[in-house]
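Under the working numbering, the residues of the sequence shown are numbered 22 to 1031, in order.
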Amino acid sequence: MKGSTISLQLYLKLVWTACMLAIIRFSCFLGSANATLSAECIDSERAALLKFKKSLNDPALLSSWVSGEEEDCCRWNRVTCDHQTGHVIMLDLRPIIKDEGDDFSSSENLLSGELSSSLLELPYLSHLDLSQNIFQKIPDFFGSLSNLTYLNLSFNMFSGTFPYQLGNLSMLQYLDLSWNSDMTADNVEWLDRLSSLRFLHISFVYFGKVVDWLKSIKMHPSLSTLILHRCQFDETDPSSLSSVDSSKSLANLRLFFSSFNTSINSWLVNVSTVIVHLELQDDQLKGPIPYFFGDMRSLVHLVLSYNQLEGPMPISFGNLCRLKTLDLSGNHLSEPFPDFVGNLRCAKKSLEILSLSNNQLRGSIPDITEFESLRELHLDRNHLDGSFPPIFKQFSKLLNLNLEGNRLVGPLPSFSKFSSLTELHLANNELSGNVSESLGELFGLRILDASSNKLNGVVSEVHLSNLSRLQQLDLSYNSLALNFSADWTPSFQLDMIKLSSCRIGPHFPGWLQSQRNFSHLDISNSEISDVVPSWFWNFSSKIRYLNLSFNHLYGKVPNQSAEFYTLPSVDLSSNLFYGTIPSFLSNTSVLNLSKNAFTGSLSFLCTVMDSGMTYLDLSDNSLSGGLPDCWAQFKQLVILNFENNDLSGSIPSSMGFLYNIQTLHLRNNSFTGEMPSSLRNCSQLELLDLGGNKLTGKVSAWIGESLTKLIVLRLRSNEFYGNVSSTVCYLRYLQILDLSFNHFSGSIPSCLHNLTALAQNQNSTSALIHQFFNGYSYWKGSGDWGTKYSADYIDNALVVWRGVEQEYGKTLKLLKIIDLSNNNLTGEIPEEMTSLLGMISLNLSRNNLTGAIPGRISHLKLLESLDLSHNKLSGKIPTSLAGLSFLSKLDLSKNQLTGRIPSSTQLQSFDASAYLGNPGLCGPPLSDCPGDGTMQHSSGPAGIGNSVKEGEEWIDKPSLLAGMGVGFALGFWGILGPLLLSKCWRSPYFQFLENTVDCLYLKIMLKLGR
22 MKGSTISLQL YLKLVWTACM LAIIRFSCFL GSANATLSAE CIDSERAALL KFKKSLNDPA
82 LLSSWVSGEE EDCCRWNRVT CDHQTGHVIM LDLRPIIKDE GDDFSSSENL LSGELSSSLL
142 ELPYLSHLDL SQNIFQKIPD FFGSLSNLTY LNLSFNMFSG TFPYQLGNLS MLQYLDLSWN
202 SDMTADNVEW LDRLSSLRFL HISFVYFGKV VDWLKSIKMH PSLSTLILHR CQFDETDPSS
262 LSSVDSSKSL ANLRLFFSSF NTSINSWLVN VSTVIVHLEL QDDQLKGPIP YFFGDMRSLV
322 HLVLSYNQLE GPMPISFGNL CRLKTLDLSG NHLSEPFPDF VGNLRCAKKS LEILSLSNNQ
382 LRGSIPDITE FESLRELHLD RNHLDGSFPP IFKQFSKLLN LNLEGNRLVG PLPSFSKFSS
442 LTELHLANNE LSGNVSESLG ELFGLRILDA SSNKLNGVVS EVHLSNLSRL QQLDLSYNSL
502 ALNFSADWTP SFQLDMIKLS SCRIGPHFPG WLQSQRNFSH LDISNSEISD VVPSWFWNFS
562 SKIRYLNLSF NHLYGKVPNQ SAEFYTLPSV DLSSNLFYGT IPSFLSNTSV LNLSKNAFTG
622 SLSFLCTVMD SGMTYLDLSD NSLSGGLPDC WAQFKQLVIL NFENNDLSGS IPSSMGFLYN
682 IQTLHLRNNS FTGEMPSSLR NCSQLELLDL GGNKLTGKVS AWIGESLTKL IVLRLRSNEF
742 YGNVSSTVCY LRYLQILDLS FNHFSGSIPS CLHNLTALAQ NQNSTSALIH QFFNGYSYWK
802 GSGDWGTKYS ADYIDNALVV WRGVEQEYGK TLKLLKIIDL SNNNLTGEIP EEMTSLLGMI
862 SLNLSRNNLT GAIPGRISHL KLLESLDLSH NKLSGKIPTS LAGLSFLSKL DLSKNQLTGR
922 IPSSTQLQSF DASAYLGNPG LCGPPLSDCP GDGTMQHSSG PAGIGNSVKE GEEWIDKPSL
982 LAGMGVGFAL GFWGILGPLL LSKCWRSPYF QFLENTVDCL YLKIMLKLGR
C-alpha cells in the first residue's frame, strides 16, 4: 500500500512537470512569434533613416543601412525599435573607437555632413546620441523632436549661438552639449521651458549677457545634475544673490574651470540644502577654505581641487558626518598634515577617499588607521618628511596609498597591516633599506611603484610570487638586485614593467618569457651582458614602450612579421646590436638605435606609407649608402639624427617635406653635392648640423630668410664657397654660428649686430629642448591608456670652445659662439661685432682679414676665447682689450700687429705664443720694446729730473744686497718661520688661504654662468 502511494505521487509529479514544460514552450513560441511580427520596422521610418544616411559623408558606421523592401531597419546597427510597435525609438550613432588610446579624430567611423530633417519622420524617437562625431551645426528642427528624453551632442564641433529651439523639448530629461567649439548664449529662457530636465552638461559657452542664470537654476523644478565646463559668466553683484533661495532639487553640481569672478562664493552659500556632490575646479576659490562648506551637511562628495586655497581646515568641516570623498588637491595648503586633518572629526568614520595631492603639506605621516573606512589616500607631491610610523593598527580597508613625490626617509613599513592594498605608490622619496618580504602578503596588489628611492638589497621570488594580480611593477632607479631563478614562472601577467637601473644581469631575464601581454617594458641600464633570446622578439603587438638601452646586449634583431597595434616607442641604444635594421621597426613613433654596430642601408624606412614617427636616432653606427628619398612619408618627424655613420651621396630634395622637423643632425658622414633648396620648407628647424661632410656650393640666402628659428647652425668642415650671405643676420635666435673649415670668401657681414640672441647677455634656459609625440600617457590606478602626450628631447651639438671640441647638451644654450675660422674671408673685422654682448667665443683665425682690431672690443665683457691668429691684422693692440676679465684663451699670432702689448695682469698672463709672428710687437711676454732701458729715477731733492743713461747703474749694489738680506730675515722669521714652528698657527693660515681661493673661484664661476 505504501509502495503504491509513492508510485502515485511520483506519477502525479511527472504529469505536472510535463504540463508545465508544455505551457512554457507554448508561451515561448507565442512570444517569439509576437516578437517576430512586431520587430519589423515601419516603411516610412526605414525610408527616413535611408534619407538621413544619404546626407552624411561616407558613413562606414552605417554600412548595414541598405535599401530594399525586405530590409528590416530594426535589425540595423545602432537602431533600436519598440518591440511591440516597430517604431524607431533610439539612435545611438557614437563611433566605434578601435583602440582605447585613439583620439576621436583617428577613428574610421566618424560621422560628418549635414544632419537631415528626415529625423522628424521618426515620431517616436526618444533617445538620440550623436556624440564623438564631427558635426558643425545644430539644426533648428531638433526643437521639433518632441518625444526626445535623451539628447547627447557632446564631443563634436558645434559652434555659434546656443540652440534655443531645444527649449521646446518639454519631455527632455538628459541634455549633454559638452566639448564642442565655443558657443554664446544671450539668455537662459530655454532652460526654464525644459521642465522635465534632470541632467545638463554644457562646456565652452559664453554667458556674458545673461544676468538671471542663477535664478533659473534655483527655480528649476527638476534639475538635479548641473555640469559646467569652461563656461564664462560676467560679473554678478553679490548683493543680488541674497534673495536667491536654495534649490530644492539640485543635488549634483560640478563646475570645472569656469569663470564666475567674485560671485561664486556668495551664490554657493545659498545654492542648495540638499546638495550631495559638489565639485569646483575653476581656479576661482582663493584664500582660506570657505567655512560654509561645512554647513552643507548633506554633502557626500566635496571636490575643491586646483584652486588657490590655503590655511587650515575650517572647524565647520567637523559637521560633515556623511562625507565620503574630500579632494583638495592642487591648492596651496601648507599646514602640518596631522593638524590639517584634525578637524574631520565626524567624517573619520565615513570618509572613504582623501586626496590632498599637489600641495605643500608638511610633517610626518600619522597613524591614518583612525579613518576606519578609508579606501584611498592621496598625499603625493607634498613636503611630508620623516619615516613611516613604527606601528600601524590593522587597516584592512585601504586600497590605494599614494605617497610619491615627498621627502620620506627610512625603511619601508611592514605591509602585513595593509592586506587589502591594490595600489601602492612610493616613488620619488628617499626611502632606504631592504624591501620587506611582507610585500608578498599583499595578495590583491595591482600596482607597485617604489621607483626613484634609495632602496637596496635583493628582491627575490619570495617578494613577488604571491602577487598574482600584479599588473604594474616599477622598481626603477634604486640600488636593488633582482635575483630570480632561471626557470621561475611568475603567477602574474604584467602590463607595465619598469626596472631601469636595477641589477638584473648578467643574463637576460628568462622570466620575461612568461609575460605575454606587457605594453611597457624598461630594463635599461640593468647590467645585462647577453644575447637577446629569439623568443623575446615575439612580444605582443600591443607593445607601446620598449627600452633596452645602456646594456651590453648583442646579436641581430630579427624581422618581426606581426604589425604593432599602435605606434610604440623603441629604444635599443648604447648596446652591441649588429646586422641590418629590420623593417618592422619603421612602424614606430620613436626609434632610437644609436651607439650600436648596425650596418646596411636605410631602405627599411621606406616600407611605411604614412609614418607616424616623430623621433629617429640612428647615430653612431656603421650604416652606409645614401639617404632614402621617401621623406614625404615622415611629415610628423621632429628629431632626426644620422651623425657618425658612413652615409654618402646627396641630400634628397624630399627632405623638404619634413615640415615639423626641429633638429637635423647629419654630421660626420660623406654627403656630397649642394644643400637642397627644398630645406627652406623646414621652417621649424632650431638646430641644423651638416658638419664634417663633403658638401659644396654656395650657402643660399634662403637659410636666413626661411629658417628663422635657428639657434644652432653648424656647417663646419665642408667645401662651401662664396660670400657669407647678409641674410644670416635675420636669424635673431641664433646662438652658435660655425662656418669654419670651408672656402667662404668676401667680407664678414656688418649686420651681425642684428643677431638678437648673441647681443643679449642672459639666457632664459640652458638646454635646447624639443617636444615630440612619445606614445600615450598612462593613468596610474585606472589601468587605462589615456591620450597622446609629448616628451622632451634635450638636444646636443659638437662645439669648439676654448680650443677644445666637445659635445654639449644640458648647457648648450649657455654657449654663444661665432666661428668663421679657416676660410678665405677678407676685409676688416666689422665694428658692429662688438655689439654682440652675450658672445663668449669668437674665432676668426686663418683668414685674410686686414685692418685693426676694433677698439670697442672691450664691450664683449663675457668673452672667454678670442682667436684672431693667422690673418693680416695691423695696428696696435687696443688698450681696452685688457678689460676683458673673463678672457682665458687669446691668440693674436701670425698677424702684422705693432707697438707695445698693453700692460695688464690679464694680457701678460698669456704665453708668448699668443703674440708670436707679429714682428712689430714688443713688451712682456715678448722682448722689451726699444728704449725700455732708459728709465726716470729720483735721488732726492737735488736729483729730481735727472736721467740715467743706458748702461749706467742707478742703484748702490751693496745697499741693495743689504736691504734684501734684512727683508728676507724679516719676511721669513716674521711670517714663514712661525708657521713652520707652530702647527696651531700653520693649519688655520693655510685653511684661510684655501678658503680664499675657493671663494674667488666660486665667484668667478657664478659670474661666468650668468
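Glycine included, each C-beta is placed from N, C-alpha and C at the ideal position. These numbers were taken from a predicted model, which means no experiment stands behind them.
Alpha-carbon to alpha-carbon, Leu136 and Met240: Met240 and Leu136: Cα-Cα distance of roughly 34 Å.
If you draw a straight line from the alpha carbon of Trp86 to that of Lys74, how long is it in whole angstroms? Each residue's alpha carbon lies about 8 Å from the other.
Are the CB atoms of Ser761 and Ser842 within a distance shorter than 7 Å? With respect to the 7 Å criterion, Ser842 and Ser761 are classified as neighbours on the basis of their beta carbons.
Can you check which of these residues, Ser486, Lys730, Ser768, His399, is closest to Asp743 by C-alpha distance? A quick correction: the sequence has Gly, not Asp, at residue 743. Comparing Cα positions, the closest option is Ser768.
Does the distance from the C-beta atom of Ser698 to that of Asn662 stay below 7 Å? No, Cβ-Cβ distance for Ser698 and Asn662 is not below 7 Å.
Runs of alpha helix (DSSP H) wholly within the stretch 442-515 (minimum 4 residues, chain order): Counting only runs of 4 or more, we get 482-485.
What are the start and end residues of each continuous beta strand (DSSP E) run of 3 or more residues lying completely inside the stretch 688-729, in chain order? Segments of the beta strand (DSSP E) lying fully in the stretch 688-729: 691-694, 708-710, 715-719.
First and last residue of the beta strand (DSSP E) that includes Arg8? A question about residue 8 goes unanswered here, because the residues of the chain that appear run from 22 up to 1031.
Tell me the residue span of the beta strand (DSSP E) that contains Gln827. Residues 825-829.
Where Val591 falls: helix, strand or coil (DSSP): Assigned with DSSP and collapsed to three states, Val591 falls in strand.
Ordered list of alpha helix (DSSP H) runs contained in the stretch 868-904, each at least 4 residues: Correct list: empty.
What is the DSSP secondary structure of Asp64, reduced to helix, strand or coil? Three-state DSSP puts Asp64 in a helix.
For Leu198, collect the residues of the same chain with a Cβ closer than 6 Å to its Cβ; drop the 5 residues on either side in sequence, then sort them by chain order. The residues Leu174, Ile223, in chain order, have a CB closer than 6 Å to that of Leu198 in the same chain once the five nearest residues on each side in sequence are set aside.
How should Thr609 be labelled, buried or exposed, when 16 other C-beta atoms within 10 angstroms of its C-beta is the threshold for buried? Buried, by the Cβ-count rule.
For Ser862 and Asp667, I'd like the C-alpha separation in whole angstroms. Ser862 and Asp667 have their C-alpha atoms spaced approximately 31 Å apart.
Name the two residues that bound the continuous alpha helix (DSSP H) containing Gln329. Per DSSP, Gln329 lies in no alpha helix (DSSP H); the unbroken beta strand (DSSP E) holding it starts and ends at 329-331.
For Tyr145, which of helix, strand or coil comes out of DSSP? Reduced to three states, the DSSP call for Tyr145 is coil.
Output the boundary residues of the beta strand (DSSP E) element that contains Glu397. Residues 397-399.
Please classify Ser53: does DSSP put it in a helix, a strand, or coil? Because Ser53 carries a pLDDT of 37, less than 50, the predicted location of this residue cannot be relied on, and no value is offered for it.
Output the distance between the C-alpha atoms of Trp822 and Gly647, rounded to the nearest integer angstrom. Distance between the alpha carbons of Trp822 and Gly647: 32 Å.
To the nearest angstrom, report how far apart Gln1043 and Gln536 are at their CA atoms. Within the shown structure, residues of the chain are numbered from 22 to 1031, placing residue 1043 beyond reach of any answer.
Using a Cβ-Cβ cut-off of 7 Å (strictly less than) and excluding sequence neighbours within five positions of Leu706, which residues of its own chain qualify? Non-local beta-carbon contacts of Leu706 in its own chain, meaning distances under 7 Å to residues more than five positions away in sequence, involve Ile682, Gln683, Leu685, Leu728, Lys730, Leu731 in chain order.
Asn273 to Cys94, Cα distance in whole Å? Looking at the two C-alpha atoms, the distance is approximately 38 Å.
Any idea what DSSP makes of Ser624, helix, strand or coil? Residue state for Ser624 is assigned as helix, using DSSP reduced to three classes.
Would you mind sorting Ala507 into buried or exposed? The rule is 16 or more other CB atoms within 10 Å of its CB. Residue burial annotation: Ala507 is exposed, with fewer than 16 other C-beta atoms found within 10 angstroms of its C-beta.
Tell me the rounded alpha-carbon separation between Phe156 and Ser408. Those two C-alpha atoms are separated by around 55 Å.
Could you tell me if His104 is buried or exposed, where buried requires 16 or more neighbouring beta carbons within 10 angstroms of its beta carbon? Exposed: under 16 other Cβ atoms inside 10 Å.
Alpha helix (DSSP H) segments (min. 4 residues) lying fully within the stretch 907-945: DSSP runs (the alpha helix (DSSP H)) wholly in the stretch 907-945: 926-929.
Output yes or no for whether 7 Å exceeds the beta carbon distance between Val591 and Leu567. In this structure, Leu567 lies closer than 7 Å to Val591 by Cβ.
At which residues does the beta strand (DSSP E) containing Arg428 begin and terminate? First-last of the beta strand (DSSP E) with Arg428: 428-431.
Residues bridged to Trp532 [DSSP beta-bridge criterion]: Under DSSP, Trp532 takes part in no beta bridge, so it has no partner.
Quick one: grab the DSSP three-state call for Asn775. If DSSP states are grouped into helix, strand and coil, Asn775 belongs with the helices.
In three-state DSSP terms, what is Ser555? It is helical.
Would Tyr566 pass as an interface residue toward chain B - the criterion being a Cβ-Cβ separation below 7 Å? Looking at the structure shown, chain B is missing, and only one protein chain is on hand.
Helix, strand or coil at Leu82 according to DSSP, with G and I counted as helix: For Leu82, the three-state secondary structure derived from DSSP is helix.
Exposed or buried, what is Val483 when buried is set at 16 or more other beta-carbons lying within 10 Å of its beta-carbon? So Val483 ends up on the exposed side.
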